[in-house]
Amino acid sequence: MSLTLRIDPDQVARARALARRITAEVQPFIEAHTTTAIERAVVRLFGVEGKGPDEVPLANLVVEALADGGGLDRGAAFWMANACARTGQTPQQVAEAVASGQLDLMQVPLLPGEQIRAEAERLARAALARIHRNRRTREELIARYGERPGPWLYLIVATGNIYEDVVQAQLAARQGADVIAVIRSTAQSLLDYVPEGATTEGFAGTYATQENFRIMRRALDEVSQELGRYVRLTNYASGLCMPEIAALGALERLDMMLSDSMYGILFRDINPKRTLIDQHFARMIQAEAGIIINTGEDNYLTTADAYEAAHTVLASQFINEQFAHLSGMVDAQIGLGHAFEMDPALEDGLLYEMADALLSRTCFPNAPLKYMPPTRYMTGDIFMGHVMNALFNLTSVATGQQIHLVGILTEAIHTPFLHDRFLALENARYIFNYARHFVQEFQLTPGGRIERRATEVLSRTVELLESIAGTGLFAAIADGVFAGIRRPPEGGKGLDGVLPRGEGYLNPFYDLCLKGGAER
């Protein structure tokens, strides 16, 4: 990058301080509560897989049994660790005994508290050791094969059949994709369980399961070796099972995960309290795994005007950054999202798009920003769509974006065919190469359109963050500040899965991950 955007650093510092204040006011509530999804994630991290009667996952059966017995507020780790230490069985064996009705966790005689805590910590350390091995494996493969400079070409596969996804993913990598995202089956984010095993049927996507993660990880490792270039794997950790899917991604060496603090609230009507509690634990585990998260601010511009609402995107990015820091994430893991979504009829729209993209890059210099292609104004005119994507590609390389979701000329018409993806990758690779150092020959005009636009957006961002700091984040979300969508704190799906932590609550991952007790 050589384009220098002159903005007031004091305004940037003010925005960051306000976002820190906003998240700090929410954090005590987060830390005083747990959710059924967090407790299921703990059970899965302890190594429990598979399903019991009626195809219900074992993790669900364990947590439901504790909830029915009134003991979940002490944490699944407390009861699982006690049972494992008392019986000498593994967490898998204990979970299977619970599922078959042979064991009631809350009737197992309690060991002294220090013994239960020691066993829970042992089980958690074993999980984190596996996650850290995955992290080292990724680092070793990247060192061996190397990576191309950004923007990384990020491409989606979504057939519904994991085995067909493998074919398409490997072909996309051979055609130039750097990151493969396996989009989830429609509405999986609303399921309050994670399916088990490999799946071959889905709706506009493939179910996120632990086995599907394993299958695609193995396939991308194979094609990475073939190409001599590390190919990253992405899946989605939003929704009612955000912590569980984050845990599974960490266990199976995913490289990126969509993990936003507010996406599920706004676009899936998941309860705000549930989502904010869940995202903290999910990102904590992803931080340990070295996973790069992708946030969802690009979605705001599908329901709000990109020219008028750019400041809401930037404000959300500052808030997402601070929530990620509270979970132990470093800047290099925080893939803040934004998008190329202005009306093509807008005069000088390209300059405004570049101003917004460059503003995000300037405010978050160490973050691997994720830049999304035009969708709102894509029509059945595939030729115009191809041109719009070309300008998006140019803006991305010119403003130093890192993760670049490839825009496809037919995505307004149907699920893209393989050749559509090839044309999109060809377009992006051509422009990235042809204009790689284009901006190094230019400087921004002081006081020009780009600088004025960025200054205005930043000023409005600070004003919005000041307003949110005054009312609180829950009230701001209820008022429709983001994307024009109103979500009250007691509304949405999943509130029944939120509960206060009880006396003696035990979850060893909080201490090991956030207090430096885990060794990488």
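Mapping the sequence shown onto this note's numbering, position 465 (from 1) lands on 460, and the numbers just tick up by one.
Idealized CB from N, CA, C, for every residue including glycine.
None of the values given here were measured: they were computed from a predicted structure.
### Message
Quick check on residue 371: does DSSP put it in helix, strand or coil?
### Response
As a first step, residue 371 is located in the sequence shown; it is residue number 376 there, counting from the start. Note: residue 371 maps to coil in three-state DSSP.
### Contained alpha helix (DSSP H) runs [length at least 4] in the stretch 415 to 473, N- to C-terminal order
444 to 466, 468 to 473
### Query
Can you give, in chain order, each stretch of the beta strand (DSSP E) that sits fully within the stretch 4 to 34 and has at least 3 residues?
With a minimum length of 3 residues, the continuous beta strand (DSSP E) runs that stay inside the stretch 4 to 34 are 28 to 30.
#### Entry: Secondary structure of residue 112, DSSP reduced to three states
Numbered from its first residue, the sequence shown carries residue 112 at position 117. In this structure, residue 112 counts as helix in the three-state DSSP scheme.
### Message
Going by beta-carbon coordinates alone, are residue 503 and residue 68 separated by less than 8 Å?
### Response
Residue 503 sits at position 508 when you count from the first residue of the sequence shown. Residue 68 sits at position 73 when you count from the first residue of the sequence shown. Not closer than 8 Å, so no.
### Query
Can you tell which of 277, 17, 293, 294 has its C-alpha closest to the C-alpha of residue 286?
Along the sequence shown, read from residue 1 onward, the residue named residue 286 stands at position 291. Residue 286 has its Cα closest to that of 277, out of 277, 17, 293, 294.
### Query
In whole angstroms, what is the alpha-carbon distance linking residue 79 and residue 106?
The residue given as residue 79 occupies position 84 in the sequence shown. The residue given as residue 106 occupies position 111 in the sequence shown. Whole-angstrom Cα-Cα distance: 11 Å.
### Query
Ordered along the chain, which non-local residues of its own chain (more than five positions away) have a Cβ less than 8 Å from that of residue 501?
Along the sequence shown, one-based indexing puts residue 501 at 506. Only 69, 70, 72, 73, 76, 111, 112, 115 meet the Cβ criterion.
### Query
For residue 181, which option in 23, 9, 124, 198 has the closest C-alpha, if you only look at C-alpha atoms?
Mapped onto the sequence shown, residue 181 falls at position 186. Comparing Cα positions, the closest option is 198.
#### Entry: Within 8 Å, strictly: CB atoms of residue 248 and residue 224
Walking along the sequence shown from the start, residue 248 turns up at place 253. Walking along the sequence shown from the start, residue 224 turns up at place 229. The answer is no: Cβ separation not under 8 Å.
#### Entry: Whole-angstrom distance between residue 341 and residue 44, CA atom to CA atom
Your numbering for residue 44 matches position 49 in the sequence shown. Your numbering for residue 341 matches position 346 in the sequence shown. The straight-line gap from Cα to Cα measures roughly 53 Å.
### Query
Candidates 421, 232, 459: which alpha carbon is nearest residue 36's?
Taking the sequence shown and counting its residues from 1, the one referred to as residue 36 is at position 41. With distances taken between Cα atoms, residue 36 lies closest to 232.
### Query
Between residue 290 and the rest of its own chain, which residues show a CB-CB distance below 6 Å, the 5 nearest in sequence each way excluded?
Working through the sequence shown from its first residue, we reach residue 290 at position 295. Cβ within range, chain order: 255, 315, 331, 332.
#### Entry: Alpha carbon of residue 296 to alpha carbon of residue 31, nearest angstrom
Numbered from its first residue, the sequence shown carries residue 296 at position 301. Numbered from its first residue, the sequence shown carries residue 31 at position 36. The alpha-carbon separation between residue 296 and residue 31 amounts to approximately 32 Å.
### Message
As a quick exercise: from 279, 309, 53, 139, pick the residue whose alpha carbon is nearest that of residue 476.
### Response
Here residue 476 is taken as the residue at index 481 of the sequence shown, counted from 1. Selected option, being the one with the closest Cα: 309.
### Message
Please report the distance separating the alpha-carbon of residue 205 from that of residue 194.
### Response
Here the question's residue 205 lines up with position 210 in the sequence shown. Here the question's residue 194 lines up with position 199 in the sequence shown. Answer to the nearest angstrom: the Cα atoms are 11 Å apart.
### Query
Taking C-alpha atoms, which residue in 156, 159, 148 lies nearest to residue 175?
For the purposes of this step, residue 175 is taken as residue 180 along the sequence shown, with counting starting at 1. It is 148 whose Cα lies nearest to the Cα of residue 175.
### Query
Where does residue 400 fall in DSSP's three states?
Mapped onto the sequence shown, residue 400 falls at position 405. Looking at residue 400 - three-state DSSP - the assignment turns out to be strand.
### Sequence ranges, alpha helix (DSSP H) only - wholly within the stretch 293 to 322, length at least 4
295 to 298, 305 to 321
### Message
Short of 7 Å in beta carbon distance, which residues of its chain neighbour residue 25, apart from the five on each side in sequence? Order them along the chain.
### Response
Taking the sequence shown and counting its residues from 1, one reaches residue 25 at position 30. Shown here for residue 25: same chain residues with a beta carbon closer than 7 Å to its own, the five before and five after excluded, namely 271, 272, 275 in chain order.
### Message
If you measure between the beta carbons of residue 86 and residue 47, is that distance less than 8 Å?
### Response
Residue numbering aside, residue 86 sits at position 91 when the sequence shown is read from its first letter. Residue numbering aside, residue 47 sits at position 52 when the sequence shown is read from its first letter. Contact: no.
### Backbone CA spacing between residue 18 and residue 317 [nearest angstrom]
Reading the sequence shown from its first residue, position 23 is the one you call residue 18. Reading the sequence shown from its first residue, position 322 is the one you call residue 317. Spanning the two alpha carbons is a distance of roughly 7 Å.
### Query
When DSSP labels each residue in this structure, what does residue 333 get in the three-state scheme?
In the sequence shown, counting from the first residue as 1, residue 333 sits at position 338. Strand at residue 333.
### Query
Tell me which same chain residues have a C-beta within less than 6 Å of the C-beta of residue 396, skipping the five on either side of it?
Translated into the one-based positions of the sequence shown, residue 396 becomes position 401. Result list for residue 396: 146, 364, 366, in chain order.
### Query
Does DSSP put residue 500 in a helix, in a strand, or in coil?
In the sequence shown, residue 500 corresponds to position 505, counting from 1. Of the three classes helix, strand and coil, the one that applies to residue 500 here is coil, per DSSP.
#### Entry: Whole-angstrom distance between residue 52 and residue 528, CA atom to CA atom
Since the first residue shown for the chain is -4 and the last is 515, residue 528 is missing from the structure and cannot be characterised.
### Query
Quick one: what does DSSP say residue 227 is sitting in, helix, strand or coil?
Position 232 of the sequence shown, counted from the start, is the residue given in the question as residue 227. Here residue 227 sits in strand by DSSP.
### Query
Looking at C-beta atoms only, is the number of pairs between the stretch 452 to 468 and the stretch 5 to 13 that lie closer than 8 Å three or more?
These segments touch.
### Task
Might you give, ordered along the chain, the residues of its own chain that have their beta carbon closer than 6 Å to the beta carbon of residue 407, omitting 5 neighbours on each side?
Here residue 407 refers to the residue found at position 412 when the sequence shown is read from its first residue. Excluding residues up to 5 positions away in sequence, 373, 374 lie with their Cβ nearer than 6 Å to the Cβ of residue 407 in the same chain.
### Task
From the DSSP output, in three-state form, read off residue 268 for me.
Walking along the sequence shown from the start, residue 268 turns up at place 273. Note: residue 268 maps to helix in three-state DSSP.
#### Entry: Cut-off 7 Å between Cβ atoms - residues of its own chain near residue 461, not counting five sequence neighbours on either side
Here the question's residue 461 lines up with position 466 in the sequence shown. Cβ neighbours of residue 461 beyond the five flanking positions: 13.
### Query
Going by DSSP, what residues sit across from residue 147 in a beta bridge?
Counting from 1 along the sequence shown, the entry for residue 147 is found at position 152. In DSSP, residue 147 forms a bridge with 398.
### Query
Could you give the distance in angstroms between the alpha-carbon of residue 390 and the alpha-carbon of residue 403?
Along the sequence shown, one-based indexing puts residue 390 at 395. Along the sequence shown, one-based indexing puts residue 403 at 408. Near 16 Å, if we compare the C-alpha coordinates of residue 403 and residue 390.
### Query
So, residue 424 versus residue 171, is the Cβ gap smaller than 8 Å?
For the purposes of this step, residue 424 is identified with residue 429 of the sequence shown, where counting begins at 1. For the purposes of this step, residue 171 is identified with residue 176 of the sequence shown, where counting begins at 1. Against a cut-off of 8 Å, the Cβ pair of residue 171 and residue 424 comes out as a contact.
### Query
Among 252, 230, 140, 288, which has the Cα closest to the Cα of residue 221?
To locate residue 221, count along the sequence shown from 1; it is residue 226. Looking only at 252, 230, 140, 288, the smallest Cα-Cα distance to residue 221 is reached by 140.
### Query
Given residue 489, which residues of its chain have a CB within under 6 Å of its CB, disregarding the five upstream and five downstream residues?
Here residue 489 is taken as the residue at index 494 of the sequence shown, counted from 1. Once the five neighbours on either side are set aside, the close Cβ partners of residue 489 are 235, 265, 266, 269.
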